[in-house]
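Residue numbers (this note's numbering), protein chains in the order written: chain G, 1 to 374; chain L, 1001 to 1374.
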């Protein structure tokens, strides 16, 4: 409880901004008078404006997917994006957008409401995955990009990608979906719902009126630990930690004894105070609300409006939060819609997080896909 | 936060007690001046005292495994135990013991320390699974039972069963282990550790000095919900709840929207205030501390001292808290030790809890085992 790092809401370096000075209407009602959208780009847009790739992110990452001259810090997908890398910035103009509702530069519940001079917090409109898609489209429009070579979406980013493909059919020629889903299902909902409850039941949450001094650190710590549990896997931890005993933290009654416990504590300490609790709740809830088949007779009807030249869907055997049958479903629905699609199941043992750590398996598959699309 | 049901620490009806008026030494140090052990029995002990079956329980159940004339309420394993049922009380004298450290009649952290007149709480000695076994053995001795026909242990009860078989080799002729493990492994430890942290970080926990008025209800609620998540499975909830929307509880911001969320809330409300937080923490930690191979070169050496005529090990495909490889390990170790053992993997979709709900699959397997042992 001794940390006091400020929530990082002002990225610098390579971050660019779209200052959208018009009202933005949310899919489920409500609007904001204006928006900032933070993004980064790598590589050069060609003369035909036809080599752009948009990366949409999971719940927590910023737009800093890879290092660049302007920001040499490693990005969250450093081995995947760069010159000569699987998403090759020598060939492609790569854009990564910080999601609407996040706290890494784009407007979100932690942003200052220009009308009141105070953070939006719970006055922020209800956020849907569709809003993340439509606000990302504004960035593309501001860059003069009418059609993407590809949209890439891991985790929540795959949901945002699907929503984008529905919002503007033909906006991308190719689609790479990784460890994602066409809708939230109840087991994953139960985990995210419990994480949200951990935060809102922390007395310091104070119905969203938390301060720098009275901040729901306990709720965010518990939620992050449950996040880590749901992002990794039983076999990985058995192999990596076994029953080894920790010596990082002081032993106390019902405290940490095993290395797996100190690992989770360290992971939590890195996250809390680096992510705004309101933003976390809005984004987490947006995932649970997402069902691309909402308003359609069935999943196939929802996919019928999607236009693509090809799609690649990657899933991971040990991912129990975004389970394999959900990636298979996306592939099947796309194939049924006449889109050339392939589904690849990777035997990575790091669960949902595999795309962020098992580069030995992920890089060749992603490189192969981008080597073959035109 | 409006419930005020008293923790049920005084079972009645069919509950019998061993009042053990001697010091009880704990495996990891510490002792109590005396113990109460609560248990129930069904059926008749034969003249040879050779038809006794001992059931050791999971973390939370009482000794009331089945109804009887003295206590006609359904027990926690009602379809499994009774006249003509798989564990047939017309043939066997069945004993179920409430675990040492619990709060359902046996001495535990919620019991009154006769020296101080106050609950033990955190002054209770560190509890190990071995203590649950050795205190259960006191009950058998008080009943004049030198050897059991069988010991039956689901979940934590299987750990207690293994500890009992080590403590007194030959104490049981047969062993039925269900959805259990020979040691705690890091994925399950991470979940139980987070549950304990939920409780101890609740301000009302107050380092164990909680009162009826200031009680760690939030911590226990969150812990129970995570328990339910870890006890069931993704496929069950997908089939049972899908994305159906709840109407049990008032909708509020970041509150419950889906049926899966109201299901967890209802389950939590049933549990909290019915289980003492200190007892919960002691028992949960005892599971994590358990490794039957502690002090041995390897698992095989630990099993070498076990004497049995046969064993049956049952696991469930969808159990990710007590995963299948752990039941396989028990079976393999027993076979390597020359004990006739069979392992059966059931395709139940209810995860770890399957033995409590999927009676269509469990009853025939258990009945078959007991029909063949002599």
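Here a beta-carbon is modelled for each residue, glycine too, at the ideal position from N, C-alpha and C. Given the structure is predicted, the values throughout are model-derived calculations rather than measurements.
For the options L/1274, L/1354, L/1030, L/1138, the alpha carbon positioned closest to that of residue 1316 of chain L is the one of L/1354. For residue 57 of chain G, the number of other beta carbons within 10 angstroms of its own is at least 16, and it is reported as buried.
Counting along the chain, residue 315 of chain G sits inside the beta strand (DSSP E) bounded by residues 310-316. The C-alpha of residue 78 of chain G lies about 54 Å from the C-alpha of residue 1167 of chain L.
At a cut-off of 7 Å between beta-carbon atoms, residue 317 of chain G makes no contact with chain L. Comparing alpha-carbon positions, the option among L/1171, L/1032, L/1133, L/1027 lying closest to residue 1121 of chain L turns out to be L/1032. Contact of residue 1237 of chain L with chain G by beta-carbon distance below 9 Å involves 185, 186, 187, 189, 190.
Going by C-alpha positions, residue 87 of chain G is about 38 Å away from residue 1226 of chain L.
Residue pairing by DSSP places residue 42 of chain G opposite G/94 in a beta bridge. Judged by DSSP in its simplified three-state form, residue 1115 of chain L adopts coil rather than helix or strand. For the stretch 1257-1283 of chain L, the set of residues with a beta-carbon nearer than 7 Å to any beta-carbon of chain G comprises 1258, 1260, 1261, 1264, 1281, in chain order. Within the DSSP secondary-structure output, residue 344 of chain G pairs in a beta bridge with G/314. In the three-state reduction of the DSSP assignment, residue 130 of chain G falls in the helix class. Nothing from the stretch 301-316 of chain G brings a Cβ to less than 8 Å from some Cβ of chain L. Any Cβ of chain G closer than 7 Å to the Cβ of residue 1211 of chain L would place that residue at the interface, and such an atom is absent. In the displayed model, residue 329 of chain G falls within a helix according to three-state DSSP. A straight-line Cα-Cα distance of about 7 Å links residue 367 of chain G and residue 85 of chain G. Per DSSP, reduced to three states, the secondary structure at residue 339 of chain G is coil, with no helix or strand assignment. For residue 166 of chain G, no CB of chain L lies under 7 Å from its own CB, so it is not counted at the interface with that chain.
At least 7 Å separates the CB of residue 1214 of chain L from every CB of chain G. In the structure shown, the three-state DSSP call for residue 1188 of chain L is helix. Neighbourhood of residue 229 of chain G in chain L, by CB distance below 8 Å: 1187, 1190, 1191, 1194, in chain order. Neighbours of residue 285 of chain G in chain L, taken as residues at a C-beta separation under 7 Å, are given in chain order as 1254. Just so you know, the alpha carbons of residue 96 of chain G and residue 39 of chain G end up roughly 6 Å apart. For residue 1180 of chain L, no Cβ of chain G is located within less than 7 Å of the residue's own Cβ. Straight-line measurement puts the Cα of residue 1064 of chain L at about 8 Å from the Cα of residue 1015 of chain L. The stretch 234-243 of chain G and the stretch 1175-1188 of chain L touch, with three or more beta-carbon pairs separated by less than 8 Å. Of L/1216, L/1274, L/1347, the smallest CA-CA separation from residue 1199 of chain L is found for L/1216. If you draw a straight line from the Cα of residue 1099 of chain L to the Cα of residue 203 of chain G, it is about 35 Å long.
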